[in-house]
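**Student:** Here it is: the structure, laid out below.
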Amino acid sequence: MTTPLDLAGQVVDLVRRLAGPAAEAEVSAEDAELALTRFANSFIHQNVAERSTTVRLRLHLDGRTAGGSSTVVDGDGLRDLVERTVAAARHSPPDPGWPGLTPPTVPDWAGNWDEATAAASADQRAEQVRAFVDATGGLEAAGYCRTGRREAAFANTAGHSVTGRSTEAAMEGIARCDGADGAARSGSVRLADFSGAVLGARAAVKARAGVAPVELPPGRYEVVLEPTAVADLLQNLAMYGFNGKTYNERRSFAEPGSAQFDRAVTLVDDPLSAPALPFDAEGTPRAPFALVEHGVTTAVVHDRRTAAGAGTTSTGHAVPGGTVAGAIPLHLGLLPAESPNGTTRASEVSGPALDSDVAALVAGVRRGLLVTDFWYTRVLDPKSLVVTGLTRNGVWLVENGEVSTAVQNLRFTQSYPRALAPGAVLGVGRHAVLHSWTFSSAWWSTPALRLASWNFTGGASG
Amino acid sequence: MAEFDVATAAVEAALDAGARYADVRVMHRRYESMTARNGDIESVSQDESAGLGVRALVGSGWGFYAVPELTRAAARAAGERAARIAAASGRVPGPGSNLLPVPASTGSWRSPCEIDPLSVPLADKGDLLVRATALSREHGADQAEGIYQIWDTRTWFVSSEGHRIDQHIRECGAGIAATVIGDGETQRRSYPSYRGQYGTQGWELVEALDLTAHAARIAEEARALVTAPLCPAGETTLILGGEQMAIQIHESVGHAIELDRILGWEAALAGTSWLDLNQLGTLRYGSELMNITIDPTIPGALGSFGFDDEGTPAAKRDAVREGRWVGTLAGRDSAAVAGLDYAGSVRADGWARLPMVRMTNVGLEPGPHTLDEMIAATDDGILMDVNRSWSIDDKRLNFQFGCEIGWEVKNGRRGRMLRNPTYTGIGPLFWRSMDMLSSEIVAWGTPNCGKGQPVQIGHTGHPAAPARFTKVRVGVRG
């Protein structure tokens, strides 16, 4: 059987033969199997799986750079990949920003892997769905359960080669009750780490508590954001703020050394705690990396190219296509408040508030809103990071520390850094939840947050 | 042809494993893209992808499996695996699943293409982006970006009902953008749109855009926006340019009329729709100027094809006629559930993805006016164009859009430039307020429509023209 390391090595050899010893090349090869069982109207309506093998090549030849990829990985396919990439490089203009190759470096971990998750079957995913649906107590349910494995290798012409592997599992679902939706989610390296039954029960409790929502006028409200809503803040901070490319181009709000956030905010990119490979797209080892410590922005993340532009070194955050997208922290986490006793309650099923951790934050609110999810958030301006979006899957009015009534969804227009500015964070949850990002392989680790003000700019009536 | 043989082997294996229906798409795609920044090439990538995806129906359960190998043995194994996955779906069964009966199509289709975009020398394509971005930079852009993308896709489709179709679709497009860094914010202008313009055409599409002719203007406009007055907040008459109208249609009509959303199949992620099938044919969606069609037969538009990914031949259909909702985007399975007699809007973004309901070309028919006539007829209003941000709720009702640029309209004349223009509203109320519509239709292409799990990136087309709306809330900001 041809391994990813075999494939990467074959391409490096082909580059040396077809482009000569002066060519610099980096190759990543990945063999992956991803499966997703999807349900709606309380039955499985889509059930998919795919196996793929992908080889990516980036080549620097005579001062010029080109890249390419292929899923055709037989001898002819690999040769074609190398030949067309060599030809593209020769026809490309000079690349004065080429940062060179990653030198041989050994990561001190091998990736996050669970054998049982790698071998999970469609029947196992269906059983998780069955449990979720049954636990909603007759409500309409929708969502998915997914599992996956990635086995990858990286090699370059500088003599660096490395392998790694990871597994992932995630389940997200909603329960629907008289027009109200309640959501529950979980993600992990291991399928065994979550229970469809617990998630279904949690979603159902929220849905039932969301019935008959009232319409509130737009305006500024104190908020308690549940972990999934907080994940949206991290996504946008990661993409637009802590990205070394946007920073170099002065499009980021980030100012390392400045106290841009409340003291309660510490942000760390931590691949060790999420489904992740031990190296990035340039073969640089990944390791935990702090971006904000007690409110002070300490760094942005870099790949080799953005690092060269900033006069520093790669932080291990190169992504495929990063020349355009930049360097992105894909495993960003907001550290929970310190709790000497530990409060993770994976099986806890509460009321409108996700759990007792969220309820403790709610208890401090005189008048505000409890928000489950943010939805369809889009950036109005990347530098100020003003974002518009909507609430989803449950919003409740909080009065005198108690949830008083369900509220119809609201639209907001809010600068995310300003929402987390010094003095703006009134509380941080005591445990973090791991979420996968819908549109990529990124993972966010977030506790709930209590914030002094959130700018809601529209209600259900517009 | 070898691809048909491989596809047939997969279908036969799925049937042998217990499927009562199976279909297979074999696909081979070449993709090329280049980006430039500030007069230098930033990236060049050439990708190749090939594989097959099998869809099998066992009892009432669907299964799908995809593999990258195009051998007969791999195809048979994939067919068997798809059937096993379909059987697992039966552990949480729904109502009986059927397909809308259709004649088994056979045929071959190629998109129009005068200049094969992959045959144009890389150096020529690079020179175009370098020239355009250098010009923008010289005229004041802090960041000048350019991009082109090319997709060359061949598919072979076989079903257990006798479909046998091959298609060759070539798509390409390009665009440029200029960003100026202001005091605490950025301003951006792009041409011809936020993402560029795309179609099922050859390189002639990119040549016709004449990117370099617009490079200086967008930079100068972005620079001017930095010091332009803010878009005022309040309620006013709003004129939208054609590019912004394309995304307005995409978000507040196109997604809303997807039958899978209406049936709740996308409830957990993409969302549902405010539309109720019981109101199909009677619901007032917009003003009588609003005529929207679903038309994958438009030559050169990005959502065009000969057959959809279930083998249904492309056909034009009304979605909204004189403001009344009359049609949906449907597939064979969703149409059967809804009791409709048409399908034809099912697509997959690659061999490894399940075909699902997608927009084709969803757009407006021309109106009786022109943009100049709209401005002349407006005493007090705002003109906005070119999308910068877009957001809409999970029922496709409550939207907010930001545009790159706005202008005051006073006493029938275009006045001062306005920065950070935004507008918000509720879909049907907004469309009912459309009182003028231009005849200046352009079929805009959107190459980045995300939907589904695992996510798929669809290519859609949107014929659109400038239009005027009354009593719209503008100037929303954080």
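First to last, the protein sequences are chains U and L. What the first sequence shows, in the numbering used here, is residues 2 to 463, in sequence order. What the second sequence shows, in the numbering used here, is residues 26 to 503, in sequence order. Beta carbons: idealized from backbone N, C-alpha and C, even for Gly. What you are looking at is a predicted structure, and each value in this text was computed from that prediction instead of being measured.
1) Under 8 angstroms Cβ-Cβ, which residues of chain L neighbour residue 150 of chain U?
2) Taking Cβ positions, are residue 269 of chain U and residue 254 of chain U nearer each other than 8 angstroms?
3) Which residues in the same chain as residue 160 of chain U place their Cβ atom closer than 6 angstroms to its Cβ, once the five residues preceding and following it in sequence are excluded?
4) Output the distance between the C-alpha atoms of residue 55 of chain L and residue 425 of chain U, rounded to the nearest integer angstrom.
5) Return yes when the Cβ of residue 396 of chain L is within less than 8 angstroms of the Cβ of residue 479 of chain L, no when it is not.
6) Note down, in chain order, all residues in the segment 35-54 of chain U with a beta-carbon under 9 angstroms from any beta-carbon belonging to chain L.
7) State yes or no: is the beta carbon of residue 345 of chain U nearer than 8 angstroms to at least one beta carbon in chain L?
8) Have a look at L/103, L/124, L/268, L/485 and flag the residue whose alpha-carbon is nearest the alpha-carbon of residue 356 of chain L.
9) Report yes or no: is there a C-beta of chain U within less than 8 angstroms of the C-beta of residue 423 of chain L?
10) Kindly indicate which three-state DSSP category residue 342 of chain U falls into: helix, strand or coil?
11) Between residue 67 of chain L and chain U, is the shortest Cβ-Cβ distance under 8 angstroms, so that the two count as touching?
12) Thinking residue 352 of chain U and residue 411 of chain U are a contact (beta carbons under 8 angstroms), I'd like their distance in whole angstroms, please.
13) Could you pull out every unbroken alpha helix (DSSP H) segment of at least 4 residues lying fully inside the segment 51-99 of chain U, listed in chain order?
14) Cβ of residue 137 of chain U within 8 angstroms of Cβ of residue 186 of chain U?
15) With a floor of 4 residues, list each alpha helix (DSSP H) that falls wholly inside the segment 293-372 of chain L, ordered by position along the chain.
16) Counting only beta-carbon separations shorter than 8 angstroms, does residue 243 of chain L have a partner in chain U?
17) Would you check if the distance between the CB atom of residue 39 of chain U and the CB atom of residue 47 of chain U is smaller than 8 angstroms?
18) For the segment 73-93 of chain L, which residues have a beta carbon sitting closer than 7 angstroms to at least one beta carbon of chain U?
19) Are there any heavy atoms of the ligand ATP lying less than 7 angstroms away from the beta-carbon of residue 301 of chain U, as far as the coordinates show?
20) So, is residue 259 of chain U buried or exposed, given that buried needs 16 or more other C-beta atoms within 10 angstroms?
21) Flag residue 269 of chain L as yes if its beta-carbon sits less than 8 angstroms from any beta-carbon of chain U, otherwise no.
22) Have a look at L/502, L/399, L/390, L/424 and flag the residue whose alpha-carbon is nearest the alpha-carbon of residue 467 of chain L.
23) Going along chain L in order, which residues have a C-beta closer than 9 angstroms to the C-beta of residue 415 of chain U?
24) With a threshold of 7 angstroms on Cβ separation, who are the neighbours of residue 67 of chain L within its own chain once the five nearest residues in sequence on each side are excluded?
25) In the DSSP assignment, find the unbroken beta strand (DSSP E) run with residue 397 of chain U in it and report its ends.
26) Go through the segment 286-347 of chain U residue by residue and report every complete run of the beta strand (DSSP E) that reaches 3 residues or more, in order.
27) Is residue 185 of chain L near residue 83 of chain L, with beta carbons less than 8 angstroms apart?
28) Mind pulling the chain L residues with CB within less than 8 angstroms of residue 86 of chain U?
29) Report the rounded CA-to-CA distance for residue 501 of chain L versus residue 225 of chain U, giving the unit in angstroms.
30) Buried or exposed: which applies to residue 63 of chain U, given that a residue is buried once 16 or more other Cβ atoms fall within 10 Å of its Cβ?
31) According to DSSP, simplified to helix, strand and coil, what is residue 219 of chain L?
32) Can you give me the C-alpha to C-alpha distance between residue 200 of chain U and residue 147 of chain L, rounded to a whole angstrom?
33) For the segment 396-414 of chain U against the segment 236-254 of chain U, are there 3 or more C-beta pairs whose distance is under 8 angstroms?
34) Given that a residue counts as buried once 16 or more other Cβ atoms are within 10 Å of its Cβ, and exposed if not, what is residue 429 of chain L?
35) For residue 104 of chain L, collect the residues of the same chain with a Cβ closer than 6 angstroms to its Cβ; drop the 5 residues on either side in sequence, then sort them by chain order.
36) Would residue 246 of chain L count as contacting chain U if we go by Cβ distances under 8 angstroms?
**Tutor:** So, from the data block:
1) Correct list: empty, because the minimum Cβ distance to chain L is about 15 angstroms.
2) No, they are not a contact pair.
3) Closer than 6 angstroms at the Cβ level, and outside the excluded window around residue 160 of chain U, lie 105.
4) The C-alpha of residue 55 of chain L lies about 50 angstroms from the C-alpha of residue 425 of chain U.
5) With respect to residue 396 of chain L, residue 479 of chain L sits apart: the two C-beta atoms are not nearer than 8 angstroms.
6) Residues 35, 36, 37, 38, 39, 40, 41, 42, 43, 44, 45, 46, 47, 48, 49, 50, 51, 52, 53, 54.
7) With a pLDDT of only 46 at residue 345 of chain U, under 50, the local geometry of the prediction cannot be trusted, and no value is derived from it.
8) Residue 356 of chain L has its Cα closest to that of L/124, out of L/103, L/124, L/268, L/485.
9) Under the Cβ distance rule, residue 423 of chain L counts among the residues neighbouring chain U, one pair being separated by less than 8 angstroms.
10) Because the pLDDT of residue 342 of chain U is 46, which lies under 50, any placement of that residue in the model is unreliable, and the question is left without a value.
11) Yes, contact with chain U.
12) At roughly 21 angstroms, the Cβ-Cβ gap does not stay under 8 angstroms, so residue 352 of chain U and residue 411 of chain U are not in contact.
13) Counting only runs of 4 or more, we get 76-91.
14) The answer is no: Cβ separation not under 8 angstroms.
15) Complete alpha helix (DSSP H) runs here, min 4: 357-363.
16) Among the residues facing chain U, residue 243 of chain L is not included, as its CB has no counterpart in that chain under 8 angstroms away.
17) In this structure, residue 39 of chain U sits near residue 47 of chain U, with a CB-CB distance shorter than 8 angstroms.
18) Per Cβ criterion, the list reads 73, 74, 75, 76, 86, 87, 88, 89, 90, 91, 92, 93.
19) For the structure depicted, the ligand ATP is absent and the ligand set is empty, with no information on it obtainable.
20) The C-beta of residue 259 of chain U has fewer than 16 other C-beta atoms within 10 Å across all chains shown, which makes the residue exposed.
21) Not a single CB atom of chain U sits nearer than 8 angstroms to the CB of residue 269 of chain L.
22) Nearest C-alpha to residue 467 of chain L: L/390.
23) Contact annotation for residue 415 of chain U against chain L: 503 [CB-CB distance below 9 angstroms, chain order].
24) By the criterion of a C-beta distance shorter than 7 angstroms, residue 67 of chain L is surrounded in its chain by 60, 61, once the five residues flanking it on both sides are discounted.
25) Counting along the chain, the unbroken beta strand (DSSP E) around residue 397 of chain U starts and ends at 387-400.
26) Those beta strand (DSSP E) runs which fall completely within the segment 286-347 of chain U and span 3+ residues are 290-294, 333-335.
27) Not a contact, by the Cβ cut-off of 8 angstroms.
28) Residues of chain L whose Cβ lies closer than 8 angstroms to the Cβ of residue 86 of chain U are, in chain order, 71.
29) For residue 501 of chain L and residue 225 of chain U, the distance between alpha carbons rounds to 23 angstroms.
30) It counts as exposed.
31) In the structure shown, residue 219 of chain L falls within a coil segment according to DSSP collapsed to helix, strand and coil.
32) Cα-Cα distance, rounded: 52 angstroms.
33) Under the 8 angstroms Cβ criterion, the segment 396-414 of chain U does not count as touching the segment 236-254 of chain U, having fewer than three qualifying pairs.
34) Buried: at least 16 other Cβ atoms inside 10 Å.
35) The answer, listed in chain order, is 35, 38, 39, 79.
36) Taking Cβ atoms only, chain U never reaches closer than 8 angstroms to residue 246 of chain L, which makes this a no.
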